[in-house]
Each structure stands twice: as C-alpha cells, then as structure tokens.
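Engineer: This is the structure, below, for whatever I ask next.
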Amino acid sequence: MSKSCNVLLIYPPHRDKVSASEVPPLGMAYLASFVRKQMGDACILSIWDLNINRISQQQFKERLRSFDKKPDIIGIGGIVTVFRHFLWISKICKEIFPDALLIAGGSLASTASHLLFKHSPVDVCVKGEGEFTFLEIIQKAAQGSGREGLRNVNGVFLWDVDRQEVIATPARKASFDLDIFGMPAYDLLDMGKYVTDFSGYSRDLPAEIRAAENQHMPIMTSRGCTDRCTFCYRQFAAIRMNSASFVKKHILYLHEHFGVNVFSFIDELFNISEKRINELCDCFMELKNKIPNFYFRAEGRADIINIAMLKRLKEAGCFQIIYGLESGSPKMLQLMKKRLTVEQNRLAVLAAKDAGLHCVPQFLIGLPGETRETLAETIKFIESIDLWSYVCIHKANAYPGSDIYRYALEHGLIRDECAYVSSLADSASYPLQLGKISQKEMMAMVRKYLIKRQARLIFRSHNVMTGIILFIAWLFINISRKLKTAKAKRSVRA
Numbered sequence: 379m380s381k382s383c384n385v386l387l388i389y390p391p392h393r394d395k396v397s398a399s400e401v402p403p404l405g406m407a408y409l410a411s412f413v414r415k416q417m418g419d420a421c422i423l424s425i426w427d428l429n430i431n432r433i434s435q436q437q438f439k440e441r442l443r444s445f446d447k448k449p450d451i452i453g454i455g456g457i458v459t460v461f462r463h464f465l466w467i468s469k470i471c472k473e474i475f476p477d478a479l480l481i482a483g484g485s486l487a488s489t490a491s492h493l494l495f496k497h498s499p500v501d502v503c504v505k506g507e508g509e510f511t512f513l514e515i516i517q518k519a520a521q522g523s524g525r526e527g528l529r530n531v532n533g534v535f536l537w538d539v540d541r542q543e544v545i546a547t548p549a550r551k552a553s554f555d556l557d558i559f560g561m562p563a564y565d566l567l568d569m570g571k572y573v574t575d576f577s578g579y580s581r582d583l584p585a586e587i588r589a590a591e592n593q594h595m596p597i598m599t600s601r602g603c604t605d606r607c608t609f610c611y612r613q614f615a616a617i618r619m620n621s622a623s624f625v626k627k628h629i630l631y632l633h634e635h636f637g638v639n640v641f642s643f644i645d646e647l648f649n650i651s652e653k654r655i656n657e658l659c660d661c662f663m664e665l666k667n668k669i670p671n672f673y674f675r676a677e678g679r680a681d682i683i684n685i686a687m688l689k690r691l692k693e694a695g696c697f698q699i700i701y702g703l704e705s706g707s708p709k710m711l712q713l714m715k716k717r718l719t720v721e722q723n724r725l726a727v728l729a730a731k732d733a734g735l736h737c738v739p740q741f742l743i744g745l746p747g748e749t750r751e752t753l754a755e756t757i758k759f760i761e762s763i764d765l766w767s768y769v770c771i772h773k774a775n776a777y778p779g780s781d782i783y784r785y786a787l788e789h790g791l792i793r794d795e796c797a798y799v800s801s802l803a804d805s806a807s808y809p810l811q812l813g814k815i816s817q818k819e820m821m822a823m824v825r826k827y828l829i830k831r832q833a834r835l836i837f838r839s840h841n842v843m844t845g846i847i848l849f850i851a852w853l854f855i856n857i858s859r860k861l862k863t864a865k866a867k868r869s870v871r872a
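FYI, the numbering for the sequence shown is 379 to 872, going by the numbering used here.
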C-alpha cells in the first residue's frame, strides 16, 4: 500500500425521533471489522452513530472540522428511512472534506441510488453486501487509482455524467461463510448506549426477564430471507449463516466484555430449519452453564415452527417468539406473497402458548387490496387466538425496492419521490392510501378493537369498580397522548 487510508463511517438517524431501545449499526461494525482484519494499520477506521448520538447540523459541522483524522473516504449508510438525514449529512461532509470519496451503503444505497445521485454529492453507491466491495474501494483509493478505478469494482452503482443516468457494475456474489467477517468492531462503538436492561419492557414478560440487573443486546446470527413478500425492500438471494460455534463465541464475548445476558436475535429468519435450531440450542444449553440468567428472544416464520422446536427453544433460554403473521385474511396473505395460511398462523400462536413462550404476533394492514372486509377478517382472527399479551398492528408504507413501492409509482400515488422518501423519517407518517379502505376508516376499526381489547384485559384481572377506574385512566392517557402528537404535528407544519 502506498499510504494509509483514513475511513469515517457515519450512521444517520433512521427516524426523526430516537426510539427507547436502539440497535447498534451492526452492518458498519461488521464492515469495519473485516476491513481492519484485511488491511491492518494501512486503514484507520472510525464510526459515528448519529442515530443514537443526536446532534444538530451545526454541531456536526463543528465535529467534522475538529476531527483529527482527515478522512480519505466517508461512508454513510443505513436503511431506507435515513434518506432525509443522509442528504444534509452528505452535503456537509463534501463541504468540509471536498476531496474525500463519498460512499453510500446499506439498503438505502441498494434501492434508491437514483435519488442519492440526484439529490446528494455521493460518488458511489454500494449494492448489497458491502464488506468485499468496500474493501476493494479502500484498496484502490490507497493505491491512488482515483474515481475512474471504481468502474472496475463489482457491486457498485455509479453516475454517468454524460448520459445522466445510473450505471451498475456487475453484481458481486454474496458470501455464504459469514464467519470470515469476524465479530463486529464493538470497540468503535459507544457500547454503553446499546446495552440496556429490560425493566421498562412489557409487564407481560416474566419478572426474572424484567429484572433491572439483566443486560440486553441485539445480535445477528444470519443474513437473508427465503421469501419475497411484496412489502419488503430487502430482497435477498439466500440465507447465509454464522456457524453455531461462532454464535457461541460471539455471545460469550458480549457477556464477558459488556455483561450481556439477555439477547435479541434480529435475524430476518431465525428458524430457517429444525437442524439449525437444534445446533443453536445445543450451544445455548452450554451457555446456560457459563452465563447466569441466560435468556433470548427471536423472530420466526409460522410455517417452520412446531411444538417440539418451541419447547426446545424454551428449554434453551428462549422467553419470547415474534411472528410476522401480517394478516388474518386469506386474500391478503396471498396478495402480499406471504406463503402462509390463516390456519398456519393460528397453529403457530397456539404452539407458542403451549410451549410457555411469550408470543408477539405482528400484523401489517393497509396494503394494496385491503378492504373493510379483509381488515375485519384480521381483527376477528386476532380476537380468535385469545392472546392476552402484546399485539403489534402496523400500517403499511411503500419502501423503495419493494413490490408495493413499484405499485405506488405505477398508480401515480407517489408524485415526488424525494419528498415521499424523505417523509419516511417520520415514524408517524403514512402518506399513501394503498388499499381500498381509507386510512381514517381503517384506523377507526383498529381503535375500536383496541379499546374493546383493553377493556377485556382490565376487567379480566380486576373487579368492576377497579376496572372502571383503570379503564377511564387508560382512555385519558391515550387521548392525551393523541392530542399531544396532533399538536406537535401542527407546530411542525406551522
């Protein structure tokens, strides 16, 4: 290498408001770990997580100006919802360091490169898995090959100035051996911001999980998904996994260095097969002897679950299973290409209850094809499973890269792409009516169900007088919260 290369990786806010529990920028941390492993002292890396460490634009300028490691390369990346913040971050970066190579990564770069080239000073967008592509870009920069050398890098989008269009180099094959990337570069992150306790979580969880001494951390063991749901912008080629032995080593590292004993597996598809679950559970049983109060939760597909698998997970320390059931309507499940039936969804919930697991079903409403009748089917299904714990009901948004985003464009629902994608930074923004039912009517049906459900929950556990008091208090709190949100939105518009 002719010279060392300074690389600054920036993770923008992915929503306008920071949420209660934040996931660290694991993608960047994996990338930094792999590059450092390959290049050693020839590459000096830094990660700034502006999602958890919120600062103003002026503060960001001052921080950049005082940064003692003048970056040769600046990488900015994240999920699609970072777009609004990506724009101002990238412009300030180019203003302060005009000679730095500006790279976009993450699902934003993979699905909305045309918007990034049009509205930001980005030089190159990395498509898909970034480790090998980013490494090659850094190596070429260190060799002084210049921006023209990027045309020889596979897996990137570039802007053709003459033709005024995005050009793509040949796709780069994804790695099936995730162990080669090593563990995330946790030393580059302020880990005190991500390791949290469970004391503020749902009271439906067992007391031993919510104990203040428990330390919680998200972790990934695989990448990819086998499905092609219409609402998802993550269109993966295949499932890639860390070996079970690597997962065990990773968990022990987090426990020994940061005291973590409760883990959230944030894989897209944790229960890919019974063989995989058995391999992981064997490791988890060993970990229970090394980590006091070892617990975990995971997401899973309803059609790959069975009672034996769930009982094995429970025995190994699992306390919660999260299902993306999405709908209780056969028509909607088919339209969204979920490859699930209503009966499979029902059996998965019942199996989790029988195994003694806290079950969190998630539903997505308002997709193309949604009607009053299909939504009523979903509400009826939720009531039928008699689940007295947390239920997540989300409204659908169209994200770049998804089938329903293309649907929204084709049907003229999105008139200004930049403005629309920018609006996704607001977690309360659902500007599109994708289904055949208005958002107002849809939310009225959901609120009616939630009020009835809350009343049943309260009166199930209390006498009439206490129940009335608690129910009125619940209504007051929720109405006050809604009025406060509406007032905040009016002040922003003003």
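Ideal Cβ positions, reconstructed from N, Cα and C, are used throughout, including at glycine.
Indicate the three-state DSSP secondary structure (helix, strand or coil) for T574 in the structure shown.
Structural biologist: Numbered from 1 along the sequence shown, position 196 holds the residue referred to as residue 574. Strand at T574.
Engineer: Give, in chain order, every unbroken run of the alpha helix (DSSP H) that is at least 4 residues long and sits entirely within the region 768-854.
Structural biologist: List check, alpha helix (DSSP H) in window: 781-788, 795-801 and 817-839.
Engineer: DSSP beta-bridge partners for I454?
Structural biologist: The residue you call residue 454 lines up with position 76 of the sequence shown. In DSSP, I454 forms a bridge with I388 and A482.
Engineer: Could you name the residues of the same chain whose beta carbon sits closer than 6 Å to that of D804, not counting the 5 residues immediately before and after it, in chain order?
Structural biologist: Locating residue 804 in the sequence shown gives position 426, counting from the first residue. Contacts found: D394.
Engineer: Work out the CA separation of L404 and A525 for me, nearest whole Å.
Structural biologist: The count along the sequence shown starts at 1 and reaches residue 525 at position 147. The count along the sequence shown starts at 1 and reaches residue 404 at position 26. According to the sequence as given, residue 525 is Arg; it is not Ala. One C-alpha to the other measures close to 28 Å.
Engineer: Please tell me whether L339 and V385 are closer than 7 Å, where the distance is taken between their beta carbons.
Structural biologist: In this structure the chain extends from 379 to 872, so residue 339 is not present and cannot be described.
Engineer: Going residue by residue through the region 539-574, where are the continuous beta strand (DSSP E) segments of at least 3 residues, counting only ones entirely within it?
Structural biologist: 543-546, all fully within the region 539-574.
Engineer: Let's test the definition: count the other Cβ atoms within 10 Å of the Cβ of A585 and tell me whether it reaches 16, buried, or not, exposed.
Structural biologist: On the sequence shown, position 207 is the one that residue 585 refers to. So A585 counts as exposed.
Engineer: Would you call L690 buried or exposed, if buried means 16 or more other Cβ atoms sit within 10 Å of its Cβ?
Structural biologist: To locate residue 690, count along the sequence shown from 1; it is residue 312. At residue 690 the sequence reads Arg, which differs from the Leu that was named. Buried is the call here.
Engineer: With 16 as the cutoff for other CB atoms within 10 Å, does V842 come out buried or exposed?
Structural biologist: The count along the sequence shown starts at 1 and reaches residue 842 at position 464. By the 10 Å Cβ count, V842 comes out exposed.
Engineer: Considering Cα atoms alone, identify which of W466, K447, D446 and Q436 is closest to Y389.
Structural biologist: Residue mapping note: residue 389 aligns to position 11 of the sequence shown, counting from 1. Minimum Cα distance to Y389 is reached at W466.
Engineer: Check this for me: beta carbons of C471 and I452, under 7 Å apart or not?
Structural biologist: Residue mapping note: residue 471 aligns to position 93 of the sequence shown, counting from 1. Residue mapping note: residue 452 aligns to position 74 of the sequence shown, counting from 1. Yes, Cβ-Cβ distance for C471 and I452 is below 7 Å.
Engineer: In whole angstroms, what is the alpha-carbon distance linking N775 and L810?
Structural biologist: Translated into the one-based positions of the sequence shown, residue 775 becomes position 397. Translated into the one-based positions of the sequence shown, residue 810 becomes position 432. Their backbone Cα atoms lie some 7 Å apart in a straight line.
Engineer: Could you check the C-alpha separation between D781 and N649 for me, to the nearest Å?
Structural biologist: Taking the sequence shown and counting its residues from 1, the one referred to as residue 781 is at position 403. Taking the sequence shown and counting its residues from 1, the one referred to as residue 649 is at position 271. Spanning the two alpha carbons is a distance of roughly 25 Å.
Engineer: If you run the structure through DSSP and keep just helix, strand and coil, what is F475?
Structural biologist: Locating residue 475 in the sequence shown gives position 97, where the first residue counts as 1. Correct three-state label for F475: coil.
Engineer: Using DSSP with H/G/I as helix, E/B as strand and the rest coil, what is D660?
Structural biologist: Numbered from its first residue, the sequence shown carries residue 660 at position 282. DSSP places D660 in helix when its eight states are reduced to three.
Engineer: With DSSP as the reference, please indicate the residues paired to A730 in a beta bridge.
Structural biologist: Within the sequence shown, the letter at position 352 stands for residue 730. In DSSP, A730 forms no bridge with anything.
Engineer: Assuming the contact rule is C-beta atoms closer than 8 Å, R675 and C696 should be a hit. Round their C-beta distance to whole Å, please.
Structural biologist: As a first step, residue 675 is located in the sequence shown; it is residue number 297 there, counting from the start. As a first step, residue 696 is located in the sequence shown; it is residue number 318 there, counting from the start. Indeed, because the Cβ distance is near 7 Å, the residues count as touching under 8 Å.
Engineer: Is it right to say E509 is buried, meaning 16 or more other beta carbons lie within 10 angstroms of its own, or is it exposed?
Structural biologist: Taking the first residue of the sequence shown as 1, we reach residue 509 at position 131. So E509 ends up on the buried side.
Engineer: A680 to E748, Cα distance in whole Å?
Structural biologist: As a position in the sequence shown, residue 680 is number 302, starting the count at 1. As a position in the sequence shown, residue 748 is number 370, starting the count at 1. Between A680 and E748, the C-alpha separation is close to 22 Å.
Engineer: Please state the DSSP three-state secondary structure of I422.
Structural biologist: Taking the first residue of the sequence shown as position 1, residue 422 is located at position 44. Strand at I422.
Engineer: Thinking L802 and V458 are a contact (beta carbons under 8 Å), I'd like their distance in whole angstroms, please.
Structural biologist: In the sequence shown, residue 802 corresponds to position 424, counting from 1. In the sequence shown, residue 458 corresponds to position 80, counting from 1. That pair is a contact at about 6 Å.
Engineer: Among F636, K626 and I700, which has the Cα closest to the Cα of N667?
Structural biologist: Your numbering for residue 667 matches position 289 in the sequence shown. Minimum Cα distance to N667 is reached at K626.
Engineer: Determine which residues share a DSSP beta bridge with G678 and list them.
Structural biologist: One-based indexing of the sequence shown puts residue 678 at position 300. Note: G678 sits in a beta bridge opposite Y701.
Engineer: I'd like to know whether the C-beta atoms of N656 and D557 end up nearer to each other than 7 Å.
Structural biologist: Residue 656 sits at position 278 when you count from the first residue of the sequence shown. Residue 557 sits at position 179 when you count from the first residue of the sequence shown. Going by C-beta atoms, N656 is not nearer than 7 Å to D557.
Engineer: Between which two residues does the alpha helix (DSSP H) carrying P596 extend?
Structural biologist: For the purposes of this step, residue 596 is taken as the residue at position 218 of the sequence shown. P596 -> not in any alpha helix (DSSP H); beta strand (DSSP E) instead, spanning H594 to I597.
Engineer: According to DSSP, is S444 part of a helix, a strand, or is it coil?
Structural biologist: One-based indexing of the sequence shown puts residue 444 at position 66. Note: S444 maps to coil in three-state DSSP.
Engineer: By the 10 Å Cβ neighbour count, where 16 or more other Cβ atoms means buried, how is T844 classified, buried or exposed?
Structural biologist: For this step, residue 844 is matched to residue 466 along the sequence shown. Its Cβ having fewer than 16 others within 10 Å, T844 is exposed.
Engineer: Which two residues bound the contiguous beta strand (DSSP E) that contains S510?
Structural biologist: Position 132 of the sequence shown holds residue 510. Looking at the sequence itself, residue 510 is Phe, so the reference to Ser does not match. No beta strand (DSSP E) holds F510; the alpha helix (DSSP H) holding it covers E509 to A520.
Engineer: Let me confirm a value: E704 is counted as buried when at least 16 other C-beta atoms fall within 10 Å, else exposed. Which label applies?
Structural biologist: Looking up residue 704 in the sequence shown gives position 326. That one is buried.
Engineer: What residue does the beta strand (DSSP E) around E742 start on, and which one ends it?
Structural biologist: For the purposes of this step, residue 742 is taken as the residue at position 364 of the sequence shown. The sequence as given places Leu at residue 742; Glu does not occur at that position. Run containing L742: H736 to I743, per the beta strand (DSSP E) assignment.
Engineer: Is it buried or exposed, A351, if we count other Cβ atoms within 10 angstroms and call 16 or more buried?
Structural biologist: Outside the shown range of the chain, which is 379 to 872, sits residue 351, and nothing can be said about it.
Engineer: By Cβ distance, which residues of its chain are closer than 6 Å to G901, with the 5 residues on each side in sequence left out?
Structural biologist: Any answer about residue 901 is impossible in this case: the structure gives the chain only from 379 up to 872.
Engineer: Taking the C-alpha atoms as reference points, what is the distance between K571 and E677?
Structural biologist: Counting from 1 along the sequence shown, the entry for residue 571 is found at position 193. Counting from 1 along the sequence shown, the entry for residue 677 is found at position 299. Each residue's Cα considered, the two are about 23 Å apart.
Engineer: Which residues in the same chain as I683 place their Cβ atom closer than 7 Å to its Cβ, once the five residues preceding and following it in sequence are excluded?
Structural biologist: In the sequence shown, residue 683 corresponds to position 305, counting from 1. The residues are N649, A726 and A729.
Engineer: So I629 and F643 are in contact, right, with Cβ under 8 Å, and what is the actual spacing, rounded?
Structural biologist: Position 251 of the sequence shown, counted from the start, is the residue given in the question as residue 629. Position 265 of the sequence shown, counted from the start, is the residue given in the question as residue 643. Actually they are not in contact, since the Cβ atoms of I629 and F643 sit about 10 Å apart, beyond 8 Å.
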